[in-house]
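Written out below as structure tokens is the structure these notes cover.
Residue numbers (this note's numbering): 83 to 766.
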């Protein structure tokens, strides 16, 4: 609105006041809205109405949404919360369908037309009023009551003016629609009226003789006080005209808010110096108050830390801060690694002395000089506790400084890896975008520059099966989702003496998408296998890669699911030792096979070379041959005596055409004999 129009508007309002004898500006237009969460047309009207009202702001108009028991099933919780008064208000206007809107009691918008409602609000806001509602204060008197006080100052003798005091919830949100019309957000929900919602309290006021009111409303103790408002208006029950209206947020005698924009997590150099965390403390209650401010944390040796109010004295753990009603002060937390590596988890707790049930807390993490960085990429779950506990136990054997970064809070920037010897990255239950394309590129860059990585998560194999990080860095081939894989045994080598379940116990018990994998080439070494088979074939659950540039360990299941604390601790300790190239505990000796076996080749399909594993429990005469589909022997790979043990042999099909072939193992050891045939596919 331009200045000339504003001037004309003001002059017109003043002339209207003079002609009627009224001298008061209307404070707020009252919109009575009627709805139900099973009403189809309500679902399209309510958002339109809400957009209009929010655009005009509560300085101009406020809504009270009363929910009915029809037209759908009588299960609307907002109606059922206060059936008698909801029903009374609906009957007050003779409302017989929804959606229906009454503007200041006299502008009927039952056809729910946004232009009609906008014009009605503007006209009513321009209309003068015979009174003002002043000094409105709504304060929580108890967990279930709100005390509302104020004064009505009349510009002329009031007649047939009835006081209504109404409690509304500003916005109620559901994760999924509670009713049948699809709505999930419900603004300005009617909750309670005093003394009722169809008669009100008669007000006798005249110029110079104000009317003071003191009214009690009831509320559910579970409702957030910050989301409650009180609407107060005077209404002529004969004409239904609202004479004046206003509103106020519900306050508390003792209430405060804290505001801060500090990083929840940060990694710095040990020489990074002091880090300051600034928190604004605002007393939003009606009473002056003093607050107990406590700094808590798990601090690395040598770190310096303190808390203070601006201009006050710093203390390492606790201070008291006094703040007058509706005023603010700033709190400062200072943390300095002082040249020492470590990982600090710390928090600031604020408690009102006036009401010790009113409190707030902020938590932060600061890390410096890390050896091992844990990337928590589980999408907001709390699986990090399994890693923290296992790393704490491993620290008793491998002296490392570790910290964890929550990727749900902040992106993983490649700079986080600077100076870090090893990264542990877990993805929890995720099976889509377990690592984003940018994350994968950052990891590849880290590995190319000599990094070391433990990657674990049940959905990684499926999600990344065709990605470069999986094929060219992990050197693995994804075979299948393998949810029946409930227990795991280490293959000979690093974890050769380990066997554990990944269901039940004290683990996360979250596995439903664990992967079955094979090495893609000789760069990868198998480290875990499932005890369960697929169509008679062994299924594998982990590999390592150590190519002289980087070390990488991939677990095709979630480490957090390992069912016992002891097994988690052992696996984590050995993983960290292997990544860092230290060995506090020697690798277990290779276990001797107990039976003959011929294992599926990998990769398969292949071009032109593949690896065929097999096992001999004793010295035997062995023949390993390759045949085409017609049964013709096209290659003899082994023909002679071999010692007991686990063996692999490479087969190069460069001279063969693409197609399906078979490889057969025949072994004879005294009276013991064995033969087995498997299929391989050459794809050029």
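Beta carbons are placed, not taken as given, at the ideal position from N, Cα and C, and that holds for glycine.
- Taking each of 735, 607, 189 and 651 in turn and checking the Cα distance to residue 478, the smallest one comes out for 651.
- The beta carbon of residue 655 lies closer than 6 Å to those of 476 and 479 in the same chain, with the five residues before and after it left out.
- Listed in chain order, the alpha helix (DSSP H) elements of length 4 or more contained wholly in the stretch 330-375 amount to none.
- Under the Cβ criterion (8 Å, minimum of three pairs), the stretch 239-248 counts as touching the stretch 298-317.
- Within the DSSP bridge table, the entry for residue 644 names no partner.
- In the DSSP assignment, residue 524 falls within the unbroken alpha helix (DSSP H) covering 519-530.
- A distance below 8 Å between beta-carbons, with the five flanking residues on each side excluded, links residue 323 to the following residues of its chain, in chain order: 186, 187, 188 and 317.
- Judged by their CB atoms, residue 624 and residue 638 are nearer to each other than the 8 Å cut-off.
- The Cβ atoms of residue 593 and residue 585 sit closer than 8 Å to each other.
- Counting only unbroken stretches of 3 or more residues, the beta strand (DSSP E) elements lying wholly within the stretch 402-445 are 410-418 and 424-434, in sequence order.
- The Cβ neighbour count for residue 212, taken over all protein chains shown within 10 Å, is at least 16; the residue is labelled buried.
- Under the DSSP assignment, residue 760 falls in the beta strand (DSSP E) whose first and last residues are 754-764.
- Going by DSSP, residue 468 is part of no beta strand (DSSP E) but of the alpha helix (DSSP H) stretching over 466-476.
- By the criterion of a C-beta distance shorter than 8 Å, residue 502 is surrounded in its chain by 452, 453, 454, 455 and 533, once the five residues flanking it on both sides are discounted.
- Between residue 233 and residue 217, the C-beta spacing is below 8 Å.
- Short of 8 Å from the beta carbon of residue 141, and not among the five residues preceding or following it, lie these beta carbons of its own chain, in chain order: 110.
- Counting C-beta atoms within 10 angstroms of its own C-beta, residue 308 has fewer than 16 neighbours from the protein chains shown and is therefore classed as exposed.
- For residue 718, same chain residues with a beta-carbon under 6 Å away, outside a window of 5 residues either side, are 707 in chain order.
- When only Cα atoms are considered, residue 207 and residue 108 end up about 6 Å apart.
- When only Cα atoms are considered, residue 286 and residue 292 end up about 8 Å apart.
- Assigned with DSSP and collapsed to three states, residue 516 falls in coil, not helix or strand.
- The beta carbon of residue 441 is closer than 8 Å to those of 431, 432, 433 and 434 in its chain, skipping five residues each way along the sequence.
- For residue 562, DSSP records a beta bridge to 598.
- Classified as exposed, residue 256 has fewer than 16 neighbouring CB atoms from the shown chains inside 10 Å of its CB.
- In this structure, residue 402 and residue 375 form a Cβ contact; the two beta carbons are roughly 7 Å apart against a cut-off of 8 Å.
- For secondary structure counted as the beta strand (DSSP E) over 3 or more consecutive residues, the stretch 171-259 holds these complete runs in sequence order: 182-185, 213-224, 227-236 and 244-255.
- Burial is judged here by how many other beta carbons sit within 10 angstroms of a residue's own beta carbon; residue 147 has at least 16 and is buried.
- If you draw a straight line from the Cα of residue 524 to the Cα of residue 535, it is about 12 Å long.
- The beta-carbon separation of residue 215 and residue 328, rounded to 5 Å, stays under the 8 Å limit for a contact.
- Its Cα nearest to that of residue 281, the residue 244 stands out among 230, 244, 497 and 165.
- The shortest CA-to-CA distance from residue 713 to any of 240, 759 and 305 is the one to 759.
- Linking residue 326 to residue 223 through their CA atoms gives a straight-line distance of about 26 Å.
- Of 764, 258, 445 and 753, the smallest CA-CA separation from residue 733 is found for 764.
- Within a 10 Å sphere around the beta-carbon of residue 168 sit 16 or more other beta-carbons, which makes this residue buried.
- The residues 191, in chain order, have a CB closer than 6 Å to that of residue 198 in the same chain once the five nearest residues on each side in sequence are set aside.
- Assignment of beta-bridge partners to residue 536 by DSSP yields 506 and 635.
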